[in-house]
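Residue numbering for the sequence shown follows our numbering, starting at 5 and increasing by one per position. Ideal placement from N, C-alpha and C gives every residue a C-beta, glycine not left out. All values derive from a computational prediction rather than experimental measurement. In what follows, a structure is listed as structure tokens, so that the remarks can point back to it.
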Amino acid sequence: NLIEIGRGCCRGCKFCSVTLRPLRWYPYDKILREIDVTMRNKGGVCLHAEDVMLYGSKNTIPNDEKLIKLHEMVVEKCNGIGWSHCSLAAVASRPKLFSKICEIILQKQPWLGAEIGIETGSAELAKKTMPAKAHPFKPEEWPEVVRMGMGLMHDNNLVPACTLIVGVPEETEEDLIKTIELMDDLKGIRSLIVPLFFVPMGRLKDEDWFEETEMNELHKELLVKCLKHDLYWVGELIRMGFVGKWHGTILRSLYEAFVKIVEFKAKRAGI
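This is the structure we're talking about:
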């Protein structure tokens, strides 16, 4: 059950259309009514916003009181909570608050998930295309913000599904090397990391799409790094996803069979 808690984003990344909308949050009573309407049985919900950690905030600094109250109210009504998205900067800027929120959520579940935008491991590219992505940290601190935020998620049982953007305008070989190096730093973090080709959106809507034919050897190396990272962690993630579910054994076997096929094809391709 997807429950929207707010709209818009204040970070202003050039490649994103959501940043063109003003940031606004729904009041508690509206969110709780939406949960009552949506849920026929007492199941789980996915709280949806571009950055759930910023609920109730007017900027990039989390609002401790409102965020804690929201999760305490929702966890009383539901047997499980997930997040659609959150930012690494918000997590890294408030580690104790993040741990507190996870503690509230994990009363009724062993883990939670969220979509996370890493996008690049290059501080230079971050400054050009998403200068507020790291705020309240500086843009040049972005790689360290990623490492801090991902480490906190790992320690607090939040499993991130992360995106990287390949082929952003002004991307250089040095930017790709920095992203590849960041992937090495994230080896020990339980996560899925998926590279996406650049799609013209937001303030970059007039740029060209990135095509497969434009890939160089560094692009290919990055894609292989992501595949190896995901194959390393996917077995554990499958087991976590089906713990305690009556249909878990059957579905887990099907997912594991699919992973074996991917591994076989990757091996045949020399990966």
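Close-in-space but distant-in-sequence residues of the same chain around residue i (CB under 7 Å, 5 per side omitted)
i	result
P26	G12
D55	C13, H89, C90, S91 and A94
L24	G206
L186	G125, P147 and V150
L278	Nothing can be reported for residue 278, as the shown portion of the chain is limited to 5 through 275.
K112	V79, N83 and G84
Distance between residue j and residue i (C-alpha atoms, nearest Å)
i	j	result
D33	P164	29 Å
Y59	E76	13 Å
I169	I275	21 Å
E218	V203	14 Å
N220	K18	24 Å
V150	P114	23 Å
I65	G153	15 Å
S103	I85	15 Å
M57	Y236	28 Å
D159	L208	36 Å
E123	D210	20 Å
L162	R272	33 Å
W213	W87	29 Å
I35	E174	41 Å
D179	T133	12 Å
K70	L190	31 Å
R15	K81	31 Å
K62	W29	9 Å
E128	H223	17 Å
A138	G155	16 Å
E8	R37	11 Å
P31	E119	23 Å
C188	V172	Strictly speaking, residue 188 in this sequence is Asp, with Cys absent from that position. Whole-angstrom Cα-Cα distance: 21 Å.
C106	I72	10 Å
I108	E177	43 Å
Residues sharing a beta bridge with residue i, DSSP
i	result
F268	Partner(s): none; F268 has no beta bridge.
W29	G10
F202	DSSP lists no partner for F202.
I120	C166
W87	L51
L196	A165
Assumed close pair residue i, residue j - CB separation to whole angstroms, cut-off 8 Å
i	j	result
V49	V78	7 Å
C166	S126	Their Cβ separation, rounded to whole angstroms, is 15 Å, which puts C166 and S126 out of contact at 8 Å.
A53	G117	With a Cβ gap of about 15 Å, A53 and G117 do not count as contacting.
I184	E225	6 Å
C230	V198	7 Å
Cβ-based neighbour list, residue i, same chain, cut-off 6 Å, excluding 5 preceding and 5 following
i	result
K131	P143
V22	C13 and E54
H233	I197
K182	G125 and S126
L74	Y59
A136	R15 and G16
L51	I7, I9 and W87
Below-8 Å beta-carbon distance, residue i vs any chain B residue
i	result
K34	Reference to chain B is not applicable here, since this structure consists of a single protein chain.
Residue i classed as buried or exposed, judged by whether at least 16 other C-beta atoms fall within 10 angstroms
i	result
V266	exposed
N67	buried
N83	exposed
L255	exposed
K269	exposed
G121	buried
P147	buried
S257	exposed
R98	buried
V247	exposed
L6	exposed
Closer than 7 Å: residue i CB and nearest the ligand ADP heavy atom
i	result
D234	Ligands displayed in this structure: none; no statement on the ligand ADP is therefore possible.
Contacts around residue i, its chain only, beta-carbon distance under 8 Å, and the 5 residues preceding and following it disregarded
i	result
L200	T167, L168, I169 and V170
L241	V163, R194 and L196
G239	E260 and V263
R243	R256
A96	F141, V149, M152, G153 and L156
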